[in-house]
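*Asks:* Read in this note's numbering, the sequence shown has 366 at position 164, and its numbers run on one by one without any break. Idealized CB from N, CA, C, for every residue including glycine. Here the structure is a predicted model, which means the values were calculated and not measured. Quick one: structure below, then a few questions.
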Amino acid sequence: MMLQTPGRIYLADQHGTHCTPHSSRCSVFSFGAYQDAQRPALGRLLAFNQETLGGGQQLTLDAPQDVGCLVLPLTGAIQCAVSAEPVQVEVEQVWVSRLSAQQSVTLHNPFPEDAVQFLHIWLEPNQTAATQLAPVLAYTFEELEQGLARVMDFSDDWPFALLLGRFQGRQETAHPVQQPGNLIFAYALAGAFEIEGRLLHPNDGLALWPTQAAEIEALSNNALLLLLEVKG
(Lines of atoms letter the chains of each structure in order from A and count residues from 1; the text may use other names and numbers.)
(Lines give C-alpha, C1' and ligand atoms only; values in the text may rest on other atoms or scores of the structure.)
Protein backbone atom coordinates (compact mmCIF):
# COMPACT_ATOMS: atom_id res chain seq x y z
CA MET A 1 0.00 0.00 0.00
CA MET A 2 1.44 3.37 -1.03
CA LEU A 3 1.68 5.90 1.77
CA GLN A 4 0.03 9.24 1.03
CA THR A 5 2.00 12.42 1.57
CA PRO A 6 0.52 14.54 4.40
CA GLY A 7 -1.41 17.48 3.06
CA ARG A 8 -4.66 19.42 2.85
CA ILE A 9 -7.00 20.27 -0.01
CA TYR A 10 -8.56 23.74 -0.17
CA LEU A 11 -11.69 23.34 -2.30
CA ALA A 12 -12.73 26.28 -4.44
CA ASP A 13 -16.31 26.37 -3.15
CA GLN A 14 -14.99 26.70 0.41
CA HIS A 15 -12.72 29.69 -0.22
CA GLY A 16 -13.58 32.87 1.64
CA THR A 17 -15.22 35.60 -0.41
CA HIS A 18 -15.28 39.38 -0.10
CA CYS A 19 -17.29 41.45 -2.56
CA THR A 20 -17.74 45.18 -3.07
CA PRO A 21 -19.48 47.06 -5.91
CA HIS A 22 -16.08 47.30 -7.63
CA SER A 23 -14.27 44.05 -6.86
CA SER A 24 -14.64 40.46 -5.76
CA ARG A 25 -12.09 38.26 -4.04
CA CYS A 26 -11.69 34.57 -3.28
CA SER A 27 -9.22 33.83 -0.48
CA VAL A 28 -7.69 30.43 0.21
CA PHE A 29 -6.51 31.58 3.65
CA SER A 30 -7.73 34.22 6.09
CA PHE A 31 -7.14 37.67 4.64
CA GLY A 32 -8.47 41.15 5.35
CA ALA A 33 -12.20 41.10 6.08
CA TYR A 34 -12.31 37.31 5.66
CA GLN A 35 -11.14 35.59 8.81
CA ASP A 36 -11.59 31.88 9.54
CA ALA A 37 -9.79 30.05 12.31
CA GLN A 38 -9.84 26.94 10.10
CA ARG A 39 -7.95 28.77 7.33
CA PRO A 40 -4.74 30.06 8.95
CA ALA A 41 -1.53 30.93 7.12
CA LEU A 42 0.78 28.05 6.22
CA GLY A 43 4.13 29.04 7.64
CA ARG A 44 5.61 31.74 5.40
CA LEU A 45 2.69 31.49 2.96
CA LEU A 46 0.44 34.13 4.52
CA ALA A 47 -2.30 34.61 1.91
CA PHE A 48 -3.35 33.48 -1.56
CA ASN A 49 -6.09 35.50 -3.27
CA GLN A 50 -7.77 35.55 -6.67
CA GLU A 51 -9.20 39.02 -7.35
CA THR A 52 -11.52 40.48 -10.00
CA LEU A 53 -11.32 44.27 -10.28
CA GLY A 54 -13.90 46.26 -12.24
CA GLY A 55 -13.09 48.59 -15.12
CA GLY A 56 -11.08 51.66 -14.05
CA GLN A 57 -11.24 50.65 -10.39
CA GLN A 58 -8.51 50.82 -7.76
CA LEU A 59 -7.82 48.67 -4.73
CA THR A 60 -5.57 49.54 -1.77
CA LEU A 61 -4.38 46.76 0.54
CA ASP A 62 -2.49 47.26 3.80
CA ALA A 63 0.39 45.05 4.87
CA PRO A 64 -0.30 43.66 8.37
CA GLN A 65 3.42 42.90 8.83
CA ASP A 66 6.66 42.86 6.89
CA VAL A 67 5.63 40.93 3.77
CA GLY A 68 6.38 40.19 0.17
CA CYS A 69 3.48 40.78 -2.20
CA LEU A 70 3.40 38.95 -5.52
CA VAL A 71 0.93 39.96 -8.26
CA LEU A 72 0.27 37.72 -11.25
CA PRO A 73 -2.25 38.94 -13.87
CA LEU A 74 -4.58 36.29 -15.28
CA THR A 75 -6.69 38.39 -17.67
CA GLY A 76 -5.54 41.88 -18.67
CA ALA A 77 -2.89 44.11 -17.13
CA ILE A 78 -2.81 45.54 -13.61
CA GLN A 79 -0.93 48.61 -12.37
CA CYS A 80 0.94 48.08 -9.07
CA ALA A 81 2.43 50.73 -6.79
CA VAL A 82 3.81 50.91 -3.26
CA SER A 83 5.60 54.24 -2.86
CA ALA A 84 6.86 54.92 -6.37
CA GLU A 85 5.24 55.40 -9.75
CA PRO A 86 2.86 52.59 -10.75
CA VAL A 87 4.28 49.69 -12.73
CA GLN A 88 2.01 48.16 -15.35
CA VAL A 89 2.20 44.38 -15.17
CA GLU A 90 0.93 42.42 -18.16
CA VAL A 91 -0.19 38.83 -18.62
CA GLU A 92 3.00 36.69 -18.81
CA GLN A 93 4.60 38.89 -16.16
CA VAL A 94 4.91 38.79 -12.35
CA TRP A 95 5.48 41.73 -10.00
CA VAL A 96 6.98 41.31 -6.53
CA SER A 97 7.54 43.94 -3.84
CA ARG A 98 8.46 43.96 -0.18
CA LEU A 99 6.21 45.99 2.12
CA SER A 100 6.89 47.04 5.69
CA ALA A 101 4.14 46.78 8.29
CA GLN A 102 1.41 49.36 7.65
CA GLN A 103 2.63 50.10 4.13
CA SER A 104 0.04 49.76 1.37
CA VAL A 105 0.02 48.42 -2.15
CA THR A 106 -2.30 50.04 -4.69
CA LEU A 107 -3.66 47.94 -7.54
CA HIS A 108 -5.36 49.75 -10.41
CA ASN A 109 -7.25 48.43 -13.42
CA PRO A 110 -6.10 50.57 -16.40
CA PHE A 111 -9.02 49.50 -18.59
CA PRO A 112 -12.06 51.78 -18.13
CA GLU A 113 -14.66 49.29 -19.34
CA ASP A 114 -13.29 45.78 -18.74
CA ALA A 115 -12.71 43.87 -15.53
CA VAL A 116 -9.34 42.22 -14.93
CA GLN A 117 -8.51 39.14 -12.89
CA PHE A 118 -5.24 38.52 -11.07
CA LEU A 119 -3.64 36.72 -8.16
CA HIS A 120 -2.08 38.50 -5.20
CA ILE A 121 -0.02 36.25 -2.98
CA TRP A 122 1.51 37.33 0.33
CA LEU A 123 4.60 35.68 1.83
CA GLU A 124 6.97 36.32 4.68
CA PRO A 125 10.32 37.48 3.23
CA ASN A 126 13.77 36.64 4.55
CA GLN A 127 14.59 38.83 7.53
CA THR A 128 17.90 39.85 5.99
CA ALA A 129 16.31 40.88 2.70
CA ALA A 130 17.33 44.30 1.46
CA THR A 131 15.43 44.51 -1.83
CA GLN A 132 12.20 46.48 -1.70
CA LEU A 133 11.16 45.94 -5.28
CA ALA A 134 12.08 43.20 -7.68
CA PRO A 135 12.11 43.83 -11.41
CA VAL A 136 9.03 42.65 -13.26
CA LEU A 137 9.64 39.01 -14.13
CA ALA A 138 8.54 37.64 -17.48
CA TYR A 139 7.63 34.22 -18.83
CA THR A 140 5.92 32.98 -21.99
CA PHE A 141 3.09 30.54 -22.49
CA GLU A 142 5.39 28.60 -24.82
CA GLU A 143 7.73 27.97 -21.87
CA LEU A 144 4.82 26.59 -19.85
CA GLU A 145 4.14 23.95 -22.50
CA GLN A 146 7.46 22.28 -21.64
CA GLY A 147 6.44 21.37 -18.08
CA LEU A 148 6.76 23.38 -14.89
CA ALA A 149 8.62 26.58 -15.78
CA ARG A 150 10.51 28.22 -12.94
CA VAL A 151 9.29 31.84 -13.08
CA MET A 152 10.90 32.93 -9.81
CA ASP A 153 13.56 31.14 -7.78
CA PHE A 154 14.83 31.20 -4.21
CA SER A 155 17.12 34.13 -3.43
CA ASP A 156 18.59 36.01 -0.49
CA ASP A 157 15.45 38.17 -0.46
CA TRP A 158 12.71 35.68 -1.28
CA PRO A 159 12.37 32.28 0.45
CA PHE A 160 10.17 30.74 -2.23
CA ALA A 161 10.09 29.53 -5.82
CA LEU A 162 7.19 30.10 -8.22
CA LEU A 163 6.51 27.66 -11.05
CA LEU A 164 3.84 27.56 -13.76
CA GLY A 165 2.98 24.83 -16.23
CA ARG A 166 0.35 24.07 -18.87
CA PHE A 167 -0.35 20.41 -19.62
CA GLN A 168 -2.36 18.16 -21.89
CA GLY A 169 -4.52 15.31 -20.62
CA ARG A 170 -2.58 12.44 -18.99
CA GLN A 171 0.68 14.39 -19.17
CA GLU A 172 2.79 13.72 -16.09
CA THR A 173 5.60 15.48 -14.30
CA ALA A 174 7.22 15.59 -10.88
CA HIS A 175 8.55 18.49 -8.84
CA PRO A 176 11.46 17.51 -6.57
CA VAL A 177 11.59 19.55 -3.38
CA GLN A 178 14.78 21.57 -3.09
CA GLN A 179 15.14 21.17 0.67
CA PRO A 180 13.48 18.80 3.18
CA GLY A 181 10.81 20.55 5.21
CA ASN A 182 9.77 22.95 2.45
CA LEU A 183 6.05 23.47 1.83
CA ILE A 184 4.52 22.72 -1.57
CA PHE A 185 1.35 24.63 -2.47
CA ALA A 186 -0.33 23.84 -5.78
CA TYR A 187 -3.26 25.77 -7.29
CA ALA A 188 -5.21 24.66 -10.35
CA LEU A 189 -5.78 27.75 -12.48
CA ALA A 190 -7.54 25.77 -15.23
CA GLY A 191 -8.41 22.13 -15.81
CA ALA A 192 -8.08 19.18 -13.46
CA PHE A 193 -5.06 17.48 -11.90
CA GLU A 194 -4.17 14.57 -9.71
CA ILE A 195 -1.33 15.48 -7.35
CA GLU A 196 -0.03 12.94 -4.86
CA GLY A 197 -3.33 11.05 -5.03
CA ARG A 198 -5.53 14.14 -4.58
CA LEU A 199 -7.93 15.38 -7.26
CA LEU A 200 -7.89 19.12 -7.97
CA HIS A 201 -10.50 20.97 -10.02
CA PRO A 202 -10.19 24.62 -11.17
CA ASN A 203 -9.31 27.01 -8.32
CA ASP A 204 -8.71 24.18 -5.85
CA GLY A 205 -5.52 24.42 -3.79
CA LEU A 206 -3.37 21.69 -2.24
CA ALA A 207 -0.73 22.01 0.47
CA LEU A 208 1.81 19.19 0.92
CA TRP A 209 4.31 18.78 3.77
CA PRO A 210 6.80 17.32 4.24
CA THR A 211 7.53 15.63 0.93
CA GLN A 212 10.52 14.86 -1.27
CA ALA A 213 8.64 15.35 -4.55
CA ALA A 214 5.16 16.14 -5.84
CA GLU A 215 3.90 13.73 -8.50
CA ILE A 216 1.56 15.58 -10.89
CA GLU A 217 -0.76 14.29 -13.63
CA ALA A 218 -3.03 16.50 -15.73
CA LEU A 219 -6.51 15.09 -16.28
CA SER A 220 -7.67 17.52 -18.98
CA ASN A 221 -6.24 19.41 -21.92
CA ASN A 222 -4.76 22.89 -21.47
CA ALA A 223 -4.68 22.40 -17.71
CA LEU A 224 -2.78 25.26 -16.05
CA LEU A 225 -1.05 24.79 -12.70
CA LEU A 226 0.69 27.21 -10.33
CA LEU A 227 3.09 25.74 -7.81
CA LEU A 228 4.86 27.43 -4.91
CA GLU A 229 7.71 25.89 -2.96
CA VAL A 230 8.18 27.79 0.30
CA LYS A 231 11.05 27.32 2.76
CA GLY A 232 10.04 25.93 6.11
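Please identify the residue among E398, M354, P275, R372 whose C-alpha is closest to the C-alpha of L321.
*Replies:* Per the Cα distances, P275.
*Asks:* Indicate whether I397 and E431 have their beta-carbon atoms separated by less than 8 Å.
*Replies:* Result no, Cβ atoms of I397 and E431 do not sit closer than 8 Å.
*Asks:* Specify, as a first and last residue, the run of the alpha helix (DSSP H) that F387 falls within.
*Replies:* Where F387 is concerned, there is no enclosing alpha helix (DSSP H), although the beta strand (DSSP E) it sits in stretches over 385-392.
*Asks:* Indicate whether N328 and D359 have their beta-carbon atoms separated by less than 8 Å.
*Replies:* Cβ distance < 8 Å, so N328 and D359 count as in contact.
*Asks:* Three-state secondary structure (DSSP) at E287?
*Replies:* DSSP places E287 in coil when its eight states are reduced to three.
*Asks:* Could you check the C-alpha separation between L401 and G218 for me, to the nearest Å?
*Replies:* Spanning the two alpha carbons is a distance of roughly 20 Å.
*Asks:* Among Q295, G278, V296, which residue has its Cα nearest to the Cα of E315?
*Replies:* Closest option to E315, Cα to Cα, is G278.
*Asks:* Around the C-beta of N424, are 16 or more other C-beta atoms found within 10 angstroms, so that it is buried, or is it exposed?
*Replies:* Classification for N424: exposed.
*Asks:* Alpha carbon to alpha carbon, what distance is there between V289 and C271?
*Replies:* One C-alpha to the other measures close to 14 Å.
*Asks:* Would you call the segment 297-310 and the segment 228-238 touching, i.e. three or more CB-CB distances under 8 Å?
*Replies:* Contact fails: fewer than three Cβ-Cβ distances are below 8 Å.
*Asks:* Who are the Cβ neighbours of A415 in its own chain at under 7 Å, not counting the five residues just before and after it?
*Replies:* Contacts found: A376, H377, P378, V379.
*Asks:* With H, G and I counted as helix, E and B as strand and the rest as coil, what does DSSP make of D215?
*Replies:* Here D215 sits in helix by DSSP.
*Asks:* Roughly how many angstroms lie between the CA atoms of G383 and L410, to the nearest whole one?
*Replies:* G383 and L410: Cα-Cα distance of roughly 10 Å.
*Asks:* Within the segment 294-344, note down every full beta strand (DSSP E) run reaching 3 residues or more, in order along the chain.
*Replies:* Counting whole runs of 3 or more residues, the segment 294-344 contains the beta strand (DSSP E) stretches 295-301, 306-310, 318-325.
*Asks:* What are the start and end residues of the beta strand (DSSP E) that includes F362?
*Replies:* It spans 362-369 - the beta strand (DSSP E) in which F362 sits, taken as one unbroken run.
*Asks:* I'd like to check one pair, A243 with A303: are the Cβ atoms closer than 8 Å?
*Replies:* Going by C-beta atoms, A303 is not nearer than 8 Å to A243.
*Asks:* Taking 7 Å as the line, does the beta carbon of R210 fall inside it for any heavy atom of the ligand MN?
*Replies:* Here there are no bound small molecules, and the ligand MN is not part of this structure.
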